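Q: Residues 12 to 364 (this note's numbering) make up the sequence shown, in order. Dumping the structure here so I can ask a few things about it.
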Amino acid sequence: MTILVTGCAGFIGSNFVRQWLSSCGEPIVNLDKLTYAGNLASLDDFKADARHIFVTGDIGDHVLVSRLLSEFKPRAVLNFAAESHVDRAILGPEDFVQTNIVGTFKLLEAVRGYWNALPEAERSAFRFLHVSTDEVYGSLTPADPPFAEDNRYEPNSPYSASKAASDHLVRAWHQTYGLPVLTTNCSNNYGPYQFPEKLIPLVILNALSGKPLPIYGDGLQVRDWLFVEDHCRAIMRVLDAGKIGETYNIGGHNEMANIDVVRTICAVLGELRARPDGKAYADQITYVKDRPGHDRRYAIDARKIGSDLGWRPLETFETGMSKTVAWYLSHPDWVEGVTSGAYRGWVAKQYGA
Ligand code: NAD
Ligand code: TYD
12 MTILVTGCAG FIGSNFVRQW LSSCGEPIVN LDKLTYAGNL ASLDDFKADA RHIFVTGDIG
72 DHVLVSRLLS EFKPRAVLNF AAESHVDRAI LGPEDFVQTN IVGTFKLLEA VRGYWNALPE
132 AERSAFRFLH VSTDEVYGSL TPADPPFAED NRYEPNSPYS ASKAASDHLV RAWHQTYGLP
192 VLTTNCSNNY GPYQFPEKLI PLVILNALSG KPLPIYGDGL QVRDWLFVED HCRAIMRVLD
252 AGKIGETYNI GGHNEMANID VVRTICAVLG ELRARPDGKA YADQITYVKD RPGHDRRYAI
312 DARKIGSDLG WRPLETFETG MSKTVAWYLS HPDWVEGVTS GAYRGWVAKQ YGA
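Okay, structure coming up:
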């Protein structure tokens with residue numbers, strides 16, 4: 012048996028490959044376009060591992076995806092591939108429409124053709140799992156209950172709108188064509204191998220190089236942070252036991268304001284590698300112009316995946332953050348690889364001088 016995953020040279024996907032191969036050993040075909048966010052260095056440990064077959068390509072390439080499906084005959088397809096950064100979506104939404112909407116559509120069509128032709132036993136065992144985000148639900152006020160699976164979709168950014176559209180396509184391919192789909196909507200992830208355009212790795216690396224730690228607006232926006240390995244375990248659980256056609260919200264029961272997240276990082280860094288001048292990393296915190304359309308609060312009601320599938324996060328924010336900071340400190344080569352070249356151009360464009 013084999014599974015086909017997409018976008019697994021990225022942050023969550025590379026963690027998923029690692030967890031999958033260490034826990035079950037079933038071969039994995041990894042289709043990734045290697046955009047700026049895709050990084051083969053995140054999969055270095057599997058270079059010589061015959062169970063990991065890496066293919067460079069686009070989920071929107073019908074011919075390529077159909078060929079991979081008929082060649083490897085996967086029992087499941089897991090779609091991680093996406094353009095994933097809200098700030099990039101604000102500056103250039105077109106790639107988000109192309110990959111997240113059109114790409115998901117093309118992938119669904121290729122998978123539908125493959126699935127339709129499978130013998131009955133394989134057809135009924137097959138699953139298409141779509142990895143999505145809590146951002147599709149929009150923004151909460153402090154008094155609102157957390158997002159449950161039946162929360163109405165109210166996306167506010169080009170990123171979340173494109174993910175919302177992809178979720179709708181996945182749902183429709185189940186309702187209309189019977190494709191056996193599962194969708195997961197997860198809160199903000201953090202952990203090893205995250206590209207440093209996202210808040211947590213950006214702050215860790217800026218702190219270490221003596222740069223400002225940029226806080227958008229008043230820094231009181233709230234996110235529900237989940238350690239990436241907990242997310243990957245949840246995806247494996249949903250693939251194994253999720254009910255066809257259902258969606259599962261995944262979260263860390265860990266709502267925090269951005270400013271508190273950044274202060275925690277500063278404290279952990281201070282313990283693991285004190286600033287050479289003895290001062291606090293928090294002195295580098297700098298408030299900058301807010302993100303347009305910035306969602307105020309996300310929070311996840313993860314009771315369904317807990318009660319139906321028995322999943323719970325294993326890491327607290329403190330344990331997950333210590334592991335994350337320690338990982339960035341002990342992987343200077345990976346950091347050097349992703350922060351050279353084009354990354355510098357992005358930082359200059361987004362944050363100015
Ligand atoms: P990422 O940006 O780190 O990685 C995305 C990967 O997809 C990259 O390897 C990239 O090369 C690949 N890719 C992009 N376009 C492609 C295309 N057209 N064809 C094939 N591959 C393509 O993203 P991530 O943070 O690992 O997120 C993975 C998935 O999880 C996304 O669907 C995202 O929406 C979702 N998600 C992310 C978070 C989070 O906090 N990071 C939270 C919830 C859900
Ligand atoms: P991010 O990691 O981009 O995830 P998302 O926008 O998908 O939630 O940002 C997390 C939060 O941190 C979000 O409220 C925006 C904020 N943020 C900053 O304050 N400064 C930054 O430099 C970045 C990248 C994000």
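Just so you know, even glycine gets a beta-carbon here, dropped at the ideal spot from N, CA and C. Here the structure is a predicted model, which is why all the values come from computation and not from measurement.
1) Taking only the alpha-carbon atoms, compute the straight-line gap between residue 311 and residue 196 and give it to the nearest angstrom.
2) Quick check on residue 267: does DSSP put it in helix, strand or coil?
3) Please determine whether the Cβ atom of residue 44 lies at a distance below 6 Å from any heavy atom of the ligand NAD.
4) Run through DSSP, which three-state label would residue 41 get?
5) On the three-state DSSP scale, how would you describe residue 171?
6) Flag this pair as yes or no: are the beta carbons of residue 28 and residue 19 separated by less than 7 Å?
7) Would you give the residue range spanned by the beta strand (DSSP E) that residue 193 belongs to?
8) Using a Cβ-based criterion (distance less than 6 Å to any ligand heavy atom), does residue 210 qualify as near the ligand TYD?
9) Is it the case that the segment 340 to 359 contacts the segment 247 to 259, given that we only count it when at least three CB pairs across the two stretches are under 8 Å?
10) What does a CB cutoff of less than 6 Å around residue 146 pick up in its chain, not counting 5 residues either side in sequence?
11) So, with DSSP's three-state summary, where would you put residue 138?
12) Use the C-beta contact count for residue 69: other C-beta atoms within 10 angstroms, 16 or more gives buried, fewer gives exposed.
13) Give me the Cα-Cα distance between residue 226 and residue 212, rounded to the nearest whole angstrom.
14) With a threshold of 6 Å, establish whether the CB of residue 117 neighbours any heavy atom of the ligand SAM.
15) On the three-state DSSP scale, how would you describe residue 206?
16) Taking the CB atoms as reference points, tell me whether residue 279 and residue 332 lie closer together than 7 Å.
17) Pull up the CB-CB distance for residue 270 and residue 216, whole angstroms please, since I reckon it's below 8 Å.
18) Whose C-alpha, out of 109, 80, 91 and 113, is nearest the C-alpha of residue 137?
19) When you compare the CB positions of residue 233 and residue 308, do they come within less than 7 Å of one another, or not?
20) What do you get for residue 74, buried or exposed, if any count of 16 or more other CB atoms within 10 angstroms of its CB means buried?
21) Using a Cβ-based criterion (distance less than 6 Å to any ligand heavy atom), does residue 199 qualify as near the ligand NAD?
22) Measure from the alpha carbon of residue 368 to the alpha carbon of each residue in 105, 86 and 101, then state which is nearest.
23) Where are the beta strand (DSSP E) runs, 3 residues long or more, that stay fully inside the segment 60 to 107, in chain order?
24) For the pair the segment 321 to 336 and the segment 237 to 256, tell me if three or more CB-CB distances fall below 8 Å.
A: Well, looking at it:
1) Annotation: residue 311 to residue 196 spans about 9 Å, alpha carbon to alpha carbon.
2) Assignment of residue 267 by DSSP, reduced to helix, strand and coil, places it in the strand class.
3) The answer is yes for residue 44.
4) DSSP places residue 41 in strand when its eight states are reduced to three.
5) Helix at residue 171.
6) Going by C-beta atoms, residue 28 is nearer than 7 Å to residue 19.
7) 192 to 197 is the span of the beta strand (DSSP E), which, as asked, contains residue 193.
8) For residue 210, the shortest separation between its Cβ and any heavy atom of the ligand TYD lies below 6 Å.
9) Verdict: no, contact absent.
10) Within the same chain, residue 146 has close Cβ partners 171.
11) Secondary structure at residue 138: strand, using DSSP grouped into helix, strand and coil.
12) Classification of residue 69: buried, given that the 10 Å Cβ count is 16 or more.
13) Their backbone Cα atoms lie some 13 Å apart in a straight line.
14) Among the ligands in the structure shown, the ligand SAM does not appear; only the ligand NAD and the ligand TYD can be found there.
15) It is coil, neither helix nor strand.
16) Yes, these two residues count as a Cβ contact at 7 Å.
17) In this structure residue 270 is not in contact with residue 216, their Cβ atoms being roughly 18 Å apart against a cut-off of 8 Å.
18) Relative to residue 137, the option among 109, 80, 91 and 113 whose CA is nearest is 80.
19) Yes. Within cutoff.
20) Around the beta carbon of residue 74, a 10 Å sphere encloses fewer than 16 other beta carbons of the protein chains shown; the residue is thus reported as exposed.
21) Yes, the beta carbon of residue 199 sits closer than 6 Å to at least one heavy atom of the ligand NAD.
22) Shown here, the chain extends from 12 to 364; a query on residue 368 therefore has no answer.
23) Runs of the beta strand (DSSP E) inside the segment 60 to 107: 63 to 67 and 87 to 90.
24) Taking a contact to require three or more Cβ pairs closer than 8 Å, the segment 321 to 336 and the segment 237 to 256 qualify as touching.
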